[in-house]
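To start, the structure under review is shown below, and the notes come after it.
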Amino acid sequence: MTQDAPSLDQLPVTTLKGVGGQLAGKLEKLGIRSLQDLLFHLPLRYVDRTRITPIGALQPGVTAVVQGEVRGADIVFGKRRSLVVRLQDHTGLITLRFYHFSGVQKQRLEEAGELRCYGEARRGASGLELYHPEYEVIDSTRPAPLQETLTPVYPATEGLTQQRLRGLLAQALGYLQKHPPTELLPDALREQLDQVPLADALRYLHAPPADAPVAALMDGNHPYQQRLAFEELLAHHLSLLLLRRQVQSDGAPTLTLAGDLVERFKTRLGFALTGAQERVVHEIAQDIAQPIPMLRLVQGDVGSGKTVVAALAALAAVASGRQAAIMAPTEILAEQHRQNFSQWFTPLGITVGWLTGRLTAARRRDQLALIASGEAQVVVGTHALFQEGVEFKDLALIVIDEQHRFGVHQRLSLRQKGSQGSVRPHQLIMTATPIPRTLAMSAYADLDTSVIDELPPGRTPVTTVVISEQRRAQVVERVRAACAEGRQAYWVCTLIEESETLSAQAAEDTAEQLALALGELNVGLVHGRLKPKDKEATMAAFKRGDIDLLVATTVIEVGVDVPNASLMIIENPERLGLAQLHQLRGRVGRGATASHCVLLYGSPLSQTSRERLTAMRDSSDGFVIAEKDLELRGPGEVLGTRQTGEMAFRIADLQRDAELLDSVKQGAHQLLHNHPDLCANIIERWLGEKQRYLQV
Ligand code: ADP
Ligand code: MG
C-alpha cells in the first residue's frame with residue numbers, strides 16, 4: 152500500500168462516478184458508506200450467463216442463455232393475450248412468451264434474425280417456454296461476447312437495481328489494486344483457514360471467472376466465501392464475548408448457597424433433587440460465590456424441574472440478606488410461580504413480592520414499597536418487574552424463566568435495569584427448549600450453559616398419536632372416556648394468524664361445541680383475551696380438579712403444571728413449530744398415569760408437516776426434536792424472530808457453516824487475548840450499526 156493512499160474504508164461511496172447524494176442515501180440504507188462497505192456487500196447468489204445452452208438441452212426450472220434464429224412472432228389469444236416468438240438452434244425449438252409487449256417490439260423481434268435470450272425455462276402450453284426473457288438481437292457478422300464471469304445477484308433495496316449495484320461494484324473493484332482492504336485476521340488465524348488474501352476473495356466473489364465452480368459458489372461453500380463467512384461468524388461471536396466481558400468487568404455480590412435456610416427448604420420439599428438438578432445447583436453455587444456477575448443458561452426439558460433449581464438460587468440471595476427477582480414470560484406462568492414460591496418460602500419466613508402489569512394502582516404502590524424497602528426478599532412477576540419506577544433495595548439475582556426467545560438486546564437491558572452502580576445482579580436464564588449446539592455456540596456465546604438432562608423419577612412417557620381431523624368425533628369420545636376415569640384433559644386450539652382476538656374466538660367456539668358434545672363434563676376456557684382474574688380463577692379450578700376439560704389457546708404453552716391432566720388434544724398441530732409442540736405436550740405426562748397426546752391435523756398435510764408430526768410422534772427427547780426443527784425450518788424459526796433479526800448474516804449460514812464454528816470459537820478467544828485491538832474493527836466491519844445498540 153502506498154503510504155498516503157487512503158484506505159478503502161476512508162473512501163466514501165461518493166468517490167465513485169455517478170454517485171450523488173440521492174444514490175448515497177439509498178446505499179446508506181444498506182449500511183454502505185465507504186468503498187469498503189460496498190465491497191463487503193456480497194452477492195446473495197449468482198446467475199450463469201457465461202455460456203450458451205443448446206435449446207435441446209434445456210431443463211424446466213433452469214435459468215440459462217440460449218441463442219437461435221427467430222422462426223416467427225405471433226400474437227396468441229389464449230386465456231391472456233400474449234406474444235409468442237419461436238426460437239430455433241440446431242438442437243431444438245423453444246417458445247418465448249411475452250404478456251406485455253408493444254407493436255414495435257413485435258416487429259423488431261420478427262425481423263431480428265438471430266436472438267440471444269436469458270431466462271428461466273418453464274413448462275408452458277407449447278412445451279418448454281421462456282417467459283419474458285431478457286434478449287438481445289445478435290448481428291451474426293459481429294459475434295457479441297458472452298459475459299465472462301458469473302453474474303452476481305445482490306441484496307438490493309427499493310430504487311437500487313441489480314444493474315446499478317453491479318456497475319458500482321465494477322467501479323469499486325478498480326480501487327482494490329491501489330487501496331487494499333484492511334486485513335483484520337492475524338496470520339496465525341489465517342493459516343487455519345485457506346490463506347486467501349482478502350482482496351482476492353472480494354475480487355473473486357464479485358466477479359467469479361467463467362470457469363469458477365458454479366455449484367460451490369451457488370451453495371456458498373467456495374473457499375473464498377468460507378473465508379468471509381468465517382470472518383462474519385467471528386465478528387458475531389466476538390461481539391457476544393465482548394458483551395460478556397463488559398458485564399463481567401463489573402462486580403457482583405457474593406452469595407452462599409448453604410446453611411440452615413437451604414436445609415429447611417430441602418427437608419420440606421417432599422422429594423429429593425435428581426442428580427442432574429444437584430449438579431446444576433452446584434454449578435450455580437460456584438458462579439454466585441464469585442464477585443463476578445453470573446451469566447448462565449439452564450436448559451432442561453419440560454418437566455425436568457427447573458423451578459426448584461431457581462428457588463434454590465433465590466434462596467442463596469435471601470440467605471445473604473439480599474433480594475432475588477423471578478421473571479416469567481406470561482401472567483399464567485408468573486401466577487404459578489407465585490404460588491410455588493409462596494408455598495415454599497412463606498413457611499420459612501420469607502416474604503414473596505408480586506408484580507405484574509395488571510395490578511391495581513393501590514396494590515402496585517404497596518408492592519413497589521415492599522420491593523424498595525427490601526422487605527420483599529423474593530419478587531415474582533412478569534417483565535413489569537423491570538419497568539420504569541421499580542426500584543429494588545438490593546437485587547442480587549435475576550432469574551428469567553422460559554425466555555430463550557428473548558433477543559440479546561432484551562437480555563442486556565434486563566441486566567442493566569437490575570444494576571446498582573458498578574455492581575450487577577447475577578443472572579440465570581432458564582429454557583425448556585433445548586438449543587442445538589450450533590445455535591447455542593452462536594446465539595448464546597455470552598452465556599455459560601448447564602443442562603438438566605434427567606427427569607424426576609416416576610414419570611411415564613407421553614404416547615403421541617397423529618390423527619386426521621376427519622376422526623374428530625372419535626377423539627371427543629376419547630376425552631369423555633378419560634374424564635370418566637377421573638382424569639383431566641387439555642384441548643388446545645391453534646390459529647394460523649398470530650392474532651389474539653381471532654384465536655380467542657376460535658377457542659370460544661370450540662369450547663362451546665365441546666361443552667355441547669360432552670354435556671356431563673365441566674369445560675373451562677382460557678385464552679389471552681380474558682381478564683387476568685378470570686384466567687387465574689379458571690386455572691385454579693382446573694388445578695383443583697373442578698374443571699375436567701380445559702380448552703385453551705397456546706397461552707398454556709409454557710410452564711403450566713397440573714399433574715392430573717393426562718390427555719392433550721392439539722388441533723391443527725401442523726401450524727406450530729416443533730419446539731412449541733414439544734412445550735405444549737410437556738403439560739401432560741407430569742403425573743403417575745400414562746399420558747397421551749393427540750395431534751389432530753387438518754388434511755391434506757404437506758410433506759414437511761408430515762415429517763414434523765412424525766418426529767413428534769417418534770421422539771419425546773427435546774434435543775432430538777430441536778435438531779429436527781433446525782433441520783426442517785432453519786435457525787430463524789428455532790431461535791424466534793427477535794433473535795433472527797439480530798442473527799441476520801450477510802454471507803454465513805449457521806447450518807451450512809456449522810463446521811466452522813469450532814475454529815470461530817478458538818479464533819475469537821485467541822483474538823481477545825492476543826489482538827484485542829482488532830476485535831472492535833472486525834465487529835464494526837460486519838455488524839456496523841447493529842452492535843452500537845448492543846452497548847450495555
Ligand atoms: P420445568 O422444568 O418444566 O419448569 P417444573 O419445575 O415445573 O418443571 O417441575 C415439574 C414438576 O416436577 C413439578 O410438579 C415439580 O414439583 C416436580 N419436581 C421437580 N423436581 C423433582 C424431583 N427431583 N423429584 C420429584 N418431583 C420433582
Ligand atoms: Mg418451568
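Residue numbers (our numbering): 152 to 847. C-beta atoms are modelled at their ideal positions from N, C-alpha and C, and glycine is treated no differently. Just so we're clear, the structure is a prediction, and the values are computed from it rather than from any experiment.
Between the Cα of residue i and those of the options, spot the shortest distance and give me the residue it belongs to.
i: residue 134; options: 430, 496, 355, 341; result: With the chain running from 152 to 847 in the structure shown, residue 134 is simply not present.
i: residue 156; options: 173, 331, 204; result: 331
i: residue 501; options: 429, 510, 479, 469; result: 469
i: residue 320; options: 302, 337, 628, 335; result: 302
i: residue 266; options: 277, 223, 275, 409; result: 223
i: residue 311; options: 174, 618, 539, 489; result: 174
i: residue 642; options: 612, 636, 673; result: 673
i: residue 751; options: 584, 804, 623, 183; result: 623
i: residue 757; options: 180, 723, 396, 595; result: 723
i: residue 748; options: 808, 277, 248, 734; result: 734
i: residue 254; options: 432, 687, 233; result: 233
i: residue 408; options: 416, 402, 401; result: 416
i: residue 377; options: 585, 727, 347, 365; result: 347
i: residue 817; options: 806, 689, 343, 261; result: 343
i: residue 574; options: 210, 403, 681, 184; result: 403
i: residue 261; options: 235, 240, 268, 671; result: 235
i: residue 264; options: 712, 237, 505; result: 237
i: residue 219; options: 205, 240, 228; result: 240
i: residue 488; options: 713, 827, 243; result: 713
i: residue 482; options: 772, 578, 678, 629; result: 678
i: residue 524; options: 508, 544, 540; result: 544
i: residue 676; options: 295, 668, 707, 511; result: 707
i: residue 701; options: 669, 391, 212; result: 669
i: residue 413; options: 401, 436, 426, 425; result: 436
i: residue 298; options: 242, 825, 203, 328; result: 203
i: residue 492; options: 682, 465, 471, 513; result: 465
i: residue 499; options: 517, 480, 529, 354; result: 529
i: residue 763; options: 476, 732, 454, 736; result: 732
i: residue 192; options: 689, 179, 339, 683; result: 179
i: residue 477; options: 365, 371, 578; result: 578
i: residue 848; options: 289, 825, 781; result: Outside the modelled stretch of the chain, which goes from 152 to 847, sits residue 848, for which no answer is possible.
i: residue 807; options: 819, 282, 509, 371; result: 371
i: residue 606; options: 341, 327, 456, 839; result: 456
Near residue i, which residues of its chain fall below 8 Å by C-beta distance, leaving aside the five closest residues on each side in sequence?
i: residue 168; result: 322
i: residue 194; result: 303, 304, 305, 356, 357
i: residue 739; result: 613, 641, 716, 717, 718, 719, 746, 747, 748
i: residue 280; result: 245, 246, 247, 248, 272, 273, 274
i: residue 351; result: 375
i: residue 827; result: none
i: residue 519; result: 506, 540, 541, 542
Hey, residue i and residue j are a contact pair by Cβ (cut 8 Å); roughly how many whole angstroms apart?
i: residue 440; j: residue 406; result: 7 Å
i: residue 270; j: residue 287; result: The pair is not a contact, with the Cβ atoms about 12 Å apart (cut-off 8 Å).
i: residue 186; j: residue 164; result: 7 Å
i: residue 580; j: residue 551; result: 5 Å
i: residue 609; j: residue 743; result: 6 Å
i: residue 447; j: residue 599; result: 5 Å
i: residue 727; j: residue 645; result: 6 Å
i: residue 166; j: residue 207; result: Wrong, their Cβ atoms sit about 48 Å apart, outside the cutoff.
Could you pull out every residue in the same chain whose Cβ sits closer than 6 Å to the Cβ of residue i, ignoring the five residues on either side in sequence?
i: residue 367; result: 373
i: residue 153; result: Summary for residue 153: the model assigns pLDDT 46, below 50, so the residue's position carries little reliability; its value from the coordinates is reported in the next sentence. Contacts found: none.
i: residue 335; result: 829, 832, 833
i: residue 655; result: 678, 680
i: residue 611; result: 745
Got a sec? Which residues, its chain only, sit under 7 Å from residue i by beta carbon, not counting five neighbours each side?
i: residue 316; result: 305, 307
i: residue 830; result: 389, 393, 822, 823
i: residue 815; result: 381, 384, 385, 388
i: residue 777; result: 584, 585, 586, 587, 730, 789
i: residue 687; result: 486
i: residue 836; result: 191, 335, 386
Would the beta-carbon of residue i be found less than 6 Å away from any heavy atom of the ligand SAM?
i: residue 582; result: As far as ligands go, the structure on display features the ligand ADP and the ligand MG and does not contain the ligand SAM.
**Request:** Ignoring anything shorter than 4 residues or poking outside the segment 660-713, list the alpha helix (DSSP H) runs there in chain order.
**Result:** Listed in chain order, they are 683-695.
**Request:** Quick one: which unbroken alpha helix (DSSP H) runs of 4-plus residues sit fully inside the segment 735-792? Chain order, please.
**Result:** With a minimum length of 4 residues, the continuous alpha helix (DSSP H) runs that stay inside the segment 735-792 are 758-769, 773-790.
**Message:** Please give me, in chain order, every unbroken run of the beta strand (DSSP E) with length at least 3 that falls completely inside the segment 582-614.
**Reply:** Listed in chain order, the beta strand (DSSP E) runs fully inside the segment 582-614 are 599-603, counting runs of at least 3 residues.
**Request:** May I have a chain-ordered list of the alpha helix (DSSP H) segments no shorter than 4 residues that lie completely inside the segment 317-364?
**Result:** Taking only runs of at least 4 residues, the alpha helix (DSSP H) segments lying wholly in the segment 317-364 are 338-343, 349-357.
**Message:** So within the segment 491-517, which uninterrupted beta strand (DSSP E) runs reach at least 3 residues, ignoring any that extend past its ends?
**Reply:** Whole beta strand (DSSP E) segments, 3+ residues: 503-506.
**Item:** Every unbroken alpha helix (DSSP H) within the segment 403-434, with a cutoff of 4 residues, ordered by chain
**Value:** Counting only runs of 4 or more, we get 411-420.
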